[in-house]
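Below is one structure, written out as C-alpha cells; the observations come after it.
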Amino acid sequence: MAEGSLDLDRLKAKLGVEWAPRSYPVNSEMVRRFARAVGDPNPRWQEGNIAPPTFVMAIGFEQFVDELMSLVPFGTVLMGGTELECYHPIKTGDVITVVFKISSLRERRGKMGRMAFMTFDSSYQNQGKEVVARCRQMVIGY
Amino acid sequence: MKQLYYQDVSLGSEVSSLTKQPTTQQLVMWAGAVGDYQPIHYDKDFAQSRGLAGVIVHGQLVGAFLGQLMTDWIGEKGALRKLSCSYKGMNYPGEVIAFKGKVTRKYVEGGQHFIECRLWAENPEGEKTASGTAVVILPSRG
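So the sequence lines, in the order shown, correspond to chains A and B.
Okay, so the first sequence: first residue is 5 according to our numbering, each after it adds one.
Okay, so the second sequence: first residue is -12 according to our numbering, each after it adds one.
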C-alpha cells in the first residue's frame, strides 16, 4: 500500500458506535489450545472447565481484526496495550456475546506513513446476561 | 500448587517471577489460538518491510504471560480482577523474557481482600518491554 493512502473516514464514522454483537460458544478445546499457546500448564485450564482470565482476548478477536481491516485496509496492526477487567470466570460451555466499539482515534504521521492510534472497548456477556469481562485495547494501524 | 493468602503478602514484596522463551512455533500456536494471522508474527521479510527488526512476539501474548504470572502466584482461590499492560517495546522470538511484579497496595473493600501490583516484562538487555498493573482478590486466613 502506498504511504499515506489510508482513509480513516469509515473508522471515524464508527466512533462511539457499538458493532453488531457476536456470540461465541466456548469449548474445552479452545481453552486448552489457548493455554498451550501461552505455555501455561495450569491444570485448571488444561484439564478443567475454567478459562484463564486472559482468554477473553481470544474471544471474537479474529472477526474483530477482519472487520477493522474491512473498514481500513491497514498493512499492519500492532497492539499498544490491553486493559482487562474480569468479573466472573469464563467456563467451557458458556456462550459469550461480544460487543466492540471504537472509543478514540488519533492520527499521526510516522516513518511508515500515516498511522492510526485507536482505542477499542469490548464487553463480554455470558448466556445468563452477566457481564463477565470488559476489555480496552490500544491498537496502532499503519 | 501452594495457595497464597492475603496475610502472606506485604507491601513491596515480589510476585514469584516467570520466564518465557517464546519460539516462532509458539507464535504460530498463539496466532491459531486467538485468530491473529498478521504476517509480522511469522514472516521475517514482511516484518522488515513494515519497519520492524524481524518477526515480533504478539503484544497480547506478552499480556497473557503477565496473566499467567499472576494466576500462578495467586493460586486457585485467588482471582485476577484487573490486568493492564502497555507494550512499550518489541519482544523477539528466541529471547528470554522475564516477568516480574511487586506489591504496591493491599486493602479490604466490601469484605474482599485486594492486592495491587506493578508488573513488567524484561528482555535480556534488561529493558522493560511491557509494564502494567494488576489487581487481584486473595482469600483471607481465618
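Cβ coordinates follow ideal geometry from the N, Cα and C atoms, glycine included.
None of the values given here were measured: they were computed from a predicted structure.
query: Which runs of the beta strand (DSSP E) spanning at least 3 residues fall entirely within the segment 62 to 97 of chain A, listed in chain order?
result: 81 to 90
field: Nearest candidate by alpha-carbon position, reference Arg121 of chain B, set B:Ser73, B:Tyr79, B:Ile84
entry: The identity of residue 121 of chain B in the sequence shown is Ala, whereas the question assumes Arg. Nearest of B:Ser73, B:Tyr79, B:Ile84 to Ala121 of chain B, Cα basis: B:Ser73.
query: Under the rule that 16 or more other beta-carbon atoms within 10 Å means buried, what is Gly64 of chain A, buried or exposed?
result: buried
query: How should Thr10 of chain B be labelled, buried or exposed, when 16 other C-beta atoms within 10 angstroms of its C-beta is the threshold for buried?
result: exposed
- prompt: When the Cα of Val136 of chain A is compared with those of A:Arg37, A:Glu51, A:Phe59, which residue comes out closest?
  reply: A:Phe59
Sequence-distant residues of the same chain with beta carbon closer than 7 angstroms to Leu19 of chain A, five excluded per side: Ile106, Leu109
- request: Within the segment -10 to 58 of chain B, note down every full beta strand (DSSP E) run reaching 3 residues or more, in order along the chain.
  value: 1 to 7
query: DSSP on Asp125 of chain A, reduced to helix/strand/coil?
result: strand
field: Residues from the segment 86 to 116 of chain A in contact with chain B, defined by Cβ distance under 9 angstroms
entry: Thr86, Glu87, Leu88, Glu89, Cys90, Tyr91, Pro93, Gly114, Lys115, Met116
message: Please return the same chain residues whose Cβ sits closer than 6 angstroms to the Cβ of Val103 of chain A, not counting the five positions on each side in sequence.
response: Glu22, Pro25, Ser127
- prompt: Thr120 of chain B bridges to which residues according to DSSP?
  reply: B:Ser71, B:Arg105
query: Measuring CB to CB, does Thr58 of chain B end up less than 8 angstroms from Pro47 of chain A?
result: no
field: Whole-angstrom distance between Thr6 of chain B and Asp23 of chain B, CA atom to CA atom
entry: 23 angstroms
message: For a contact defined as C-beta to C-beta under 9 angstroms, what are the partners of Glu66 of chain A on chain B?
response: Val21, Gly22, Asp23, Tyr24
- prompt: Can you find a CB in chain B that lies within less than 8 angstroms of the CB of Gly145 of chain A?
  reply: no
query: List, in order along the chain, the chain B residues whose C-beta lies closer than 8 angstroms to that of Pro77 of chain A?
result: Under the 8 angstroms cutoff, chain B gives no residues; its nearest Cβ is about 13 angstroms from Pro77 of chain A.
- prompt: Relative to the C-alpha of Ser3 of chain B, which residue among B:Pro126, B:Thr116, B:Trp107 is closest?
  reply: B:Trp107
message: Going by beta-carbon coordinates alone, are Trp49 of chain A and Val35 of chain A separated by less than 8 angstroms?
response: yes
- prompt: At a CB-CB cut-off below 8 angstroms, which residues of chain A make contact with Gln13 of chain B?
  reply: Ala41, Gly43
message: Run through the DSSP bridge pairs and tell me what Tyr146 of chain A is partnered with.
response: Looking at the DSSP assignment, Tyr146 of chain A forms no beta bridge with any residue, so it has no partner.
query: Which stretch, first to last residue, makes up the alpha helix (DSSP H) that contains Lys87 of chain B?
result: Not the alpha helix (DSSP H): Lys87 of chain B falls in the beta strand (DSSP E), residues 84 to 96.
- prompt: Over what stretch of residues does the alpha helix (DSSP H) that includes Phe38 of chain A continue unbroken?
  reply: 32 to 42
- prompt: Is there a Cβ from chain B that is less than 8 angstroms from the Cβ of Leu82 of chain A?
  reply: yes
task: Confirm, please, whether the CB-CB distance from Ala51 of chain B to Met61 of chain A is below 8 angstroms.
output: yes
query: Which residue from A:Met122, A:Ile94, A:Ser27 puts its Cα closest to that of Phe76 of chain A?
result: Looking at the sequence itself, residue 76 of chain A is Val, so the reference to Phe does not match. If we check each option's Cα against that of Val76 of chain A, A:Met122 comes out closest.
task: Assign Glu60 of chain A to one of three DSSP states: helix, strand, or coil.
output: Note on identity: in this sequence residue 60 of chain A is Val, with Glu being the wrong assignment. In this structure, Val60 of chain A counts as helix in the three-state DSSP scheme.
- prompt: Can you find a C-beta in chain B that's less than 8 angstroms from the C-beta of Pro25 of chain A?
  reply: no
message: In the DSSP assignment, the beta strand (DSSP E) including Leu109 of chain A goes from what residue to what residue?
response: 99 to 114
field: Contact set between the segment 67 to 84 of chain B and chain A, restricted to residues whose Cβ is under 7 angstroms from the partner
entry: Leu67, Arg68, Lys69, Leu70, Ser71, Cys72, Ser73, Tyr74
- request: Would you decide whether Gly85 of chain A is buried or exposed? Buried here means 16 or more other CB atoms lie within 10 Å of its CB.
  value: buried
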